[in-house]
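Undergrad:
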Amino acid sequence: MAPIAVGDVVPDGSISFFDENDQLQTVSVHSLAAGKKVILFGVPGAFTPTCSMQHVPGFIEKAEELKSKGVDEIICFSVNDPFVMKAWGKTYPENKHVKFVADGSGEYTKLLGLELDLKDKGLGVRSRRFALLIDNLKVTVANVESGGEFTVSSADDILKAL
Amino acid sequence: MAPIAVGDVVPEGTISFFDENDQLQSASVHTLAAGKKVILFGVPGAFTPTCSMQHVPGFIEKAEELKSKGVDEIICFSVNDPFVMKAWGKTYPENKHVKFVADGSGEYTQLLGLELDLKDKGLGVRSRRFALLLDNLKVTVANVESGGEFTVSSADDILKAL
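Top line first, the protein sequences correspond to chains A and B.
If you read the first sequence in the numbering used here, its first letter stands for residue 87, the second for the next number, and so on.
If you read the second sequence in the numbering used here, its first letter stands for residue 64, the second for the next number, and so on.
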């Protein structure tokens, strides 16, 4: 699949997460994002350094500002299972708005065309680092790294585009 | 591959982990276990309930007792990446002896013949719950669950066999 780009309709597919009642939910991306302004940002791996210490904290800090500019949801996405995403989310007690969701099988990452082969690092096939702004399912901003580097996909970069 | 059994030589393969200096190590199982008495216990998933609240704590509590009976190493194993295993290990600050290692690609689990299909739970293919006692690479005790249940694979079960 070609990588997701500005102008595309975001593909439909399933992601999963534990809700506020600790129940496992599997939902369609379209039902989460229809009619809303959503930031979907992807990281190569939960508990990895750049993801944990730079990418996620940036979105947690800027969440209020992003919401004040009309963003309805900020979703953090990785090819990890929902138990791991829940545990990782809990390491940010200050977090009020960012949701941590799992693409456990890597299938949604494939639909986005954003696979990153990290097999020789013992991580299997993961997602490239990215941040998308989606307006009623249409991609209006697509900041995609070529791999795991952190140059265009921060919260500040999305803020500039809003 | 047929499931590992008593009398087998444990297969050779690679697992990975972060050492005391936070360096990523890939080690061969044979190098880790040759000439030693080793407990290798496997769990379906880091941060999952039974694994986190029963299986692992059992081995942490009984570690001194197991060591006093001649066990050299106690190794906790899962199909998760080494970053996740490191983070999970850190949730047990009281742990002195149990090492948390990663079979990131699931390949070693296949060599053991202990795969568990958890794709419909969003976890992909994982390991069955198990506990093996290895004596200089030979399997002397093989307590293997059929899936993720927790009936024969505890630290107490291994203690009884020592």
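Note that beta-carbon positions come from the ideal geometry of N, C-alpha and C, so glycine has one too.
Nearest CA to the CA of Thr-111 (chain B): which residue from B:Val-142, B:Ser-168, B:Lys-201?
TA: Nearest of B:Val-142, B:Ser-168, B:Lys-201 to Thr-111 (chain B), Cα basis: B:Val-142.
Undergrad: Based on the DSSP output, what are the partners of Leu-218 (chain A) in its beta bridges?
TA: Note: Leu-218 (chain A) sits in a beta bridge opposite A:Leu-126, A:Ala-228.
Undergrad: In chain order, what residues of the same chain lie with their CB nearer than 7 Å to the CB of Leu-87 (chain B), ignoring the 5 residues before and after it?
TA: Correct list, in chain order: Ser-79, Phe-81, Pro-145.
Undergrad: Relative to the C-alpha of Ser-164 (chain A), which residue among A:Ile-244, A:Ala-188, A:Glu-106, A:Ile-220 is closest?
TA: Of the listed residues, the one whose Cα sits closest to Ser-164 (chain A) is A:Ala-188.
Undergrad: Report the CB separation of Val-69 (chain B) from Ala-205 (chain B) in whole angstroms; it is logged as a contact under 8 Å.
TA: Indeed, because the Cβ distance is near 5 Å, the residues count as touching under 8 Å.
Undergrad: Do you know how far the Cα of Ala-97 (chain B) is from the Cα of Leu-225 (chain B)?
TA: If you take the alpha carbons of Leu-225 (chain B) and Ala-97 (chain B), they lie about 19 Å apart.
Undergrad: Would the beta-carbon of Gly-176 (chain B) be found less than 7 Å away from any heavy atom of the ligand ADP?
TA: Of the ligands one can find in the structure shown there are none, so the ligand ADP has no counterpart to examine.
Undergrad: Counting only runs that start and end within the stretch 101-189 of chain B, where is the alpha helix (DSSP H) found for 4 or more residues in a row?
TA: Entirely contained in the stretch 101-189 of chain B, the alpha helix (DSSP H) runs reaching 4 residues are, in chain order, 119-124, 126-131, 145-153, 170-175.
Undergrad: What separation, rounded to the nearest whole angstrom, lies between the Cα atoms of Asp-135 (chain B) and Phe-163 (chain B)?
TA: About 15 Å.
Undergrad: With 16 as the cutoff for other CB atoms within 10 Å, does Cys-180 (chain B) come out buried or exposed?
TA: Per the sequence shown, the amino acid found at residue 180 (chain B) is Asp instead of Cys. Asp-180 (chain B) should be labelled exposed.
Undergrad: Got a sec, what are the start and stop residues for the beta strand (DSSP E) Glu-201 (chain A) sits in?
TA: Per DSSP, Glu-201 (chain A) belongs to the beta strand (DSSP E) from 201-204.
Undergrad: So is Ser-79 (chain B) in contact with chain A if we call contact Cβ pairs under 8 Å?
TA: Chain A contact via Cβ: present.
Undergrad: So what's Asp-219 (chain B) in DSSP terms, helix, strand or just coil?
TA: Of the three classes helix, strand and coil, the one that applies to Asp-219 (chain B) here is helix, per DSSP.
Undergrad: Return the CA-CA distance between Cys-137 (chain A) and Ser-240 (chain A), expressed in angstroms with no decimal places.
TA: One C-alpha to the other measures close to 11 Å.
Undergrad: Ignoring anything shorter than 4 residues or poking outside the stretch 169-214 of chain A, list the alpha helix (DSSP H) runs there in chain order.
TA: With a minimum length of 4 residues, the continuous alpha helix (DSSP H) runs that stay inside the stretch 169-214 of chain A are 193-198.
Undergrad: How long is the line joining the alpha carbons of Met-64 (chain B) and Ala-88 (chain A), rounded to whole angstroms?
TA: When rounded, the distance between both Cα atoms is 37 Å.
Undergrad: Let me know the secondary structure DSSP gives Thr-136 (chain A) once reduced to three states.
TA: Three-state result, Thr-136 (chain A): helix.
Undergrad: Looking only at its own chain, which residues have a Cβ that is under 6 Å from the Cβ of Lys-153 (chain A), when we skip the five neighbours before and after it?
TA: Nothing listed; no residue qualifies.
Undergrad: Is Phe-236 (chain A) helix, strand or coil by DSSP?
TA: In the structure shown, Phe-236 (chain A) sits in coil (DSSP, three-state: anything other than H, G, I, E or B).
Undergrad: Against chain A, does Pro-156 (chain B) count as a neighbour if the rule is that its beta carbon must be under 8 Å from one of theirs?
TA: Judged by the 8 Å Cβ criterion, Pro-156 (chain B) is not in contact with chain A.
Undergrad: Measure from the C-beta of Phe-133 (chain A) to each C-beta in chain B and report whether the shortest distance is under 8 Å.
TA: At least one chain B Cβ lies under 8 Å of Phe-133 (chain A).
Undergrad: According to DSSP, what are the bridge partners of Lys-201 (chain B)?
TA: The partner list for Lys-201 (chain B) (beta bridge, DSSP) reads B:Val-72, B:Asp-198.
Undergrad: Measure the alpha-carbon distance for Glu-212 (chain B) versus Gln-140 (chain A) and round it to whole angstroms.
TA: Glu-212 (chain B) and Gln-140 (chain A): Cα-Cα distance of roughly 38 Å.
Undergrad: Quick one: Cα of Leu-197 (chain B) to Cα of Val-73 (chain B), how far?
TA: Each residue's alpha carbon lies about 8 Å from the other.
Undergrad: Measure the Cβ-Cβ separation of Asp-203 (chain A) and Val-211 (chain A) and say whether it is below 8 Å.
TA: Cβ distance < 8 Å, so Asp-203 (chain A) and Val-211 (chain A) count as in contact.
Undergrad: Just the Cα atoms here: how many angstroms apart are Thr-113 (chain B) and Glu-124 (chain B)?
TA: If I take the Cα positions, the gap works out to 16 Å.
Undergrad: Between A:Thr-134, A:Ala-228, A:Gly-156, which lies nearest to Thr-177 (chain A) when the distance is taken from Cα to Cα?
TA: Of the listed residues, the one whose Cα sits closest to Thr-177 (chain A) is A:Thr-134.
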